[in-house]
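What follows is a set of notes on a single structure, which appears directly below.
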Amino acid sequence: MTYTPPVTEQLFVLNHIARIDAMAAHDKYAAATPDMVEAIVTGIGDFAAEVYAPLNRVGDTNNPKWQDGKVTMPPGFKEAYQQFVEAGWGSLDGPGEYGGQDLPFTLATVVIEALGTANMGFTLCSILTPGAIHALMAYGTGEQRQTWLPKLVTGEWNGTMNLTEPAAGSDVGALRSTAEKVAEGPNAGLYRIKGQKIFITFGEHDLTDNIVHLVLARTPGAPEGTRGISLFLVPKYRLDADGNPTISNGVHCASIEHKLGIHGSPTAVMVYGEGEDCLGEIVGDEMGGMRAMFVMMNNARLMVGCQGVQIAERALQQAQRYAAERVQSSLAGSADRTPVTIEHHPDVKRMLWRMRAQTEAARALIYYASAQTDFGKLGDQAAALRAEVLIPLAKAHATDIGCEVASLGVQVHGGMGFIEETGAAQHYRDARIAPIYEGTNGIQAADLVGRKLGMAGGDGVRSLIDDIARGAADFPELGQLAEACRHVTDWLETATVADRLAGSYPYLTMLSTATCGWLMATQHKAAEAALASGEGDAAFLRAKLVSTRFYLQQIVPAATGLAASALAGDAALAPLPAIA
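Shown next, in the form of structure tokens:
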């Protein structure tokens with residue numbers, strides 16, 4: 001299962017979609033020069049291919065092992081993670097005052113993409129740490145930042161996000177974990193944390209000497225629901241007088257899950273404060289936990305969307321290599337009856353081009369959303385609003401694409417795709433979690449038609465549709481989809497809550513596809529201009545014209561047809577008859 005970093009593609013999207021040059025024009029990101037950007041993209045691609053990719057199959061077949069509350073990672077993982085830390089890959093967009101490099105988040109997204117394409121399960125260790133950093137920068141005290149950020153920024157310690165409980169999945173407000181403030185003694189001001197959390201990614205492992213858990217819990221007397229939730233920083237080990245993690249903190253891993261995929265990632269059941277005091281520091285205000293956690297959650301949702309790109313790219317590469325080697329049947333309609341490689345058969349070509357077009361569209365969506373986040377940090381309020389609108393699209397649609405492309409990858413392999421030894425099945429298994437965690441894709445759709453649709457008086461969504469429509473001047477199929485999105489938006493704004501939710505998922509797919517179509521149209525024009533001027537890799541640019549044209553002419557029109565589902569309303573969804 002060889003992995004080749006798609007460096008030329010990544011640089012093209014950074015330049016033409018993320019507009020990395022415009023970021024570098026600001027003092028904050030002046031270090032992101034063209035040479036620096038190319039060095040980062042090339043360097044992380046080489047590192048991922050050489051260090052992480054060889055461990056992908058290892059993690060799938062030789063899973064992390066739990067014993068007596070401790071988790072031991074598969075062979076080679078600890079050494080590879082140490083190389084990641086020593087190379088500084090985790091600190092790319094970290095704040096400079098705490099050891100980071102102050103580079104754009106967009107470049108950190110490319111780093112996570114490269115690592116995750118090489119080894120999705122392993123890379124989950126690094127996905128949540130940036131969100132913990134952002135939460136502490138936004139809501140932590142100066143002392144908390146000074147204490148915890150330096151080693152979170154380098155990756156010497158990793159961060160986790162603890163929301164889910166056995167009786168509180170997507171309904172976070174139903175959680176029962178408690179936090180009681182210590183009134184006196186040496187630990188006065190801290191909180192005693194008690195409770196159980198499930199589905200905690202890298203909640204326990206042996207890659208680092210400490211783990212920083214961000215835990216949602218309820219203080220005494222706090223109201224029910226999400227309004228009464230607070231956020232706490234709970235380390236695996238408390239720090240001694242020298243700042244070293246040596247003091248046990250009542251954080252226990254009760255077990256790890258046996259899962260369909262991402263076997264290289266330990267998914268832990270965590271127990272806090274059972275048989276030993278577990279002390280945590282409040283982050284932000286009491287009962288302000290959801291506000292603080294959303295900083296981390298939005299980052300995590302974008303990174304999970306990036307996982308859709310990761311698994312799609314890996315599945316595409318493997319399917320294309322297989323199709324170029326597998327010889328079967330002569331070409332239909334040809335006088336030459338010599339068997340050909342299956343990449344020449346029309347239906348296989350269709351699948352491969354669909355895989356490529358969808359992967360490129362998802363990458364453009366993720367890079368664009370990351371870039372809007374960066375521009376928002378530079379004070380561009382319109383970009384900040386655009387980033388908010390894009391989060392549910394990026395998380396849901398990119399992961400849907402990851403599942404589709406991984407499934408097509410199995411199909412290209414035929415019967416061999418169903419055999420574990422080829423590796424195609426691993427991509428399919430790994431991909432399936434991404435539409436589920438960090439808020440199911442249905443929750444993303446509900447967020448779109450609920451909170452996001454009304455943002456800025458509706459201008460957040462409408463300005464996006466306006467931009468798409470303007471970019472569709474030379475692409476009639478995209479123009480039709482933009483108008484269909486506008487029509488459905490008008491209807492949703494006055495619809496009942498039930499009707500909105502009934503149409504939310506087809507609407508999300510329509511708007512996501514329209515956004516991707518706009519970004520693909522932008523790339524189409526850029527590729528045409530580069531070819532006309534004789535700049536760039538001509539073979540790459542010609543292929544870009546094919547993939548963008550495929551997307552705009554074959555994928556975009558299908559999304560327009562979803563308008564009927566988006567407008568059908570709740571009445572079309574009658575209760576299912578009970579199963580006897």
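Numbering (our numbering), first residue to last: 1 to 580. Idealized CB from N, CA, C, for every residue including glycine.
Residue range of the alpha helix (DSSP H) that residue i falls in?
{"i": "F122", "result": "120 to 127"}
{"i": "I366", "result": "346 to 377"}
{"i": "V7", "result": "7 to 13"}
{"i": "H524", "result": "497 to 533"}
{"i": "Y272", "result": "Y272 -> not in any alpha helix (DSSP H); beta strand (DSSP E) instead, spanning 267 to 272."}
{"i": "W491", "result": "476 to 494"}
{"i": "I20", "result": "20 to 24"}
{"i": "T440", "result": "T440 -> no alpha helix (DSSP H), and no H or E assigned at all."}
{"i": "F550", "result": "538 to 550"}
{"i": "S565", "result": "563 to 567"}
{"i": "N56", "result": "56 to 61"}
{"i": "E86", "result": "77 to 87"}
{"i": "V461", "result": "459 to 471"}
{"i": "A581", "result": "No answer is possible for residue 581: it lies beyond the span of the chain, which begins at 1 and ends at 580."}
With 7 Å as the threshold, decide whether the Cβ of residue i is near any Cβ in chain D.
{"i": "A514", "result": "Structure shown: chain D not included; a single protein chain is present."}
Using the three-state DSSP reduction, which class does residue i fall into: helix, strand or coil?
{"i": "M287", "result": "coil"}
{"i": "G250", "result": "coil"}
{"i": "S255", "result": "strand"}
{"i": "T147", "result": "helix"}
{"i": "R432", "result": "coil"}
{"i": "E180", "result": "strand"}
{"i": "Y191", "result": "strand"}
{"i": "E38", "result": "helix"}
{"i": "P130", "result": "helix"}
{"i": "P95", "result": "coil"}
{"i": "Y3", "result": "coil"}
{"i": "D206", "result": "coil"}
{"i": "N108", "result": "Here the sequence assigns Ala to residue 108, which means Asn is not the residue at that position. Note: A108 maps to helix in three-state DSSP."}
{"i": "H263", "result": "coil"}
{"i": "Q318", "result": "helix"}
{"i": "E388", "result": "helix"}
{"i": "Q307", "result": "helix"}
{"i": "T117", "result": "helix"}
{"i": "G185", "result": "coil"}
{"i": "Q101", "result": "coil"}
{"i": "L393", "result": "helix"}
{"i": "A31", "result": "coil"}
{"i": "L453", "result": "coil"}
Grab me the residues of residue i's own chain with a C-beta within less than 6 Å of its C-beta, minus the 5 sequence neighbours each way, in chain order.
{"i": "A48", "result": "A114, L115, A118"}
{"i": "V271", "result": "Q196, H252, A254"}
{"i": "H397", "result": "S512"}
{"i": "V269", "result": "I198, A254, S255"}
{"i": "G140", "result": "V283"}
{"i": "A250", "result": "In the sequence as presented, Ala is not what sits at residue 250; that position holds Gly. Excluding sequence neighbours, G250 sits near G273, E276, D277, C278."}
{"i": "D60", "result": "H263, Q426"}
{"i": "E257", "result": "T267"}
So, at 7 Å on beta carbons, what are the nonlocal neighbours of residue i in its own chain, with the 5 sequence-adjacent residues on each side left out?
{"i": "Y322", "result": "V412, H413"}
{"i": "D467", "result": "W518"}
{"i": "G305", "result": "I366, A394, K395, A398, T399"}
{"i": "M161", "result": "L128, G131, L214, M296, A300"}
{"i": "V461", "result": "V389, K452, L453, T489"}
{"i": "M290", "result": "T226, I229"}
{"i": "P220", "result": "E180"}
{"i": "R19", "result": "A371"}
{"i": "M120", "result": "I262, Q307, Q310, I311, D430"}
{"i": "E281", "result": "Q144, L190, F232, L233"}
Identify every residue that forms a DSSP beta bridge with residue i.
{"i": "F582", "result": "Coverage of the chain is limited to positions 1 through 580, which leaves residue 582 absent and any answer about it impossible."}
{"i": "V410", "result": "V410 is not bridged to any residue."}
{"i": "L239", "result": "P245"}
{"i": "V295", "result": "The partner list for V295 (beta bridge, DSSP) is empty, contrary to what the question assumes."}
{"i": "W66", "result": "V71"}
{"i": "K197", "result": "M270"}
{"i": "T341", "result": "V327"}
{"i": "E165", "result": "A168"}
What does a CB cutoff of less than 8 Å around residue i pick up in its chain, not counting 5 residues either side in sequence?
{"i": "I247", "result": "Y237, R238, L239, D240"}
{"i": "A521", "result": "G471, A472, D474, F475, L478, T548, L552"}
{"i": "A188", "result": "V182"}
{"i": "D459", "result": "L385"}
{"i": "S91", "result": "G99, G100, Q101, V153, T154, G155"}
{"i": "D332", "result": "As written in the sequence, residue 332 is Ala, which differs from the Asp given in the question. Here the set comprises H345, P346."}
Between which two residues does the beta strand (DSSP E) harbouring residue i extend?
{"i": "G159", "result": "158 to 162"}
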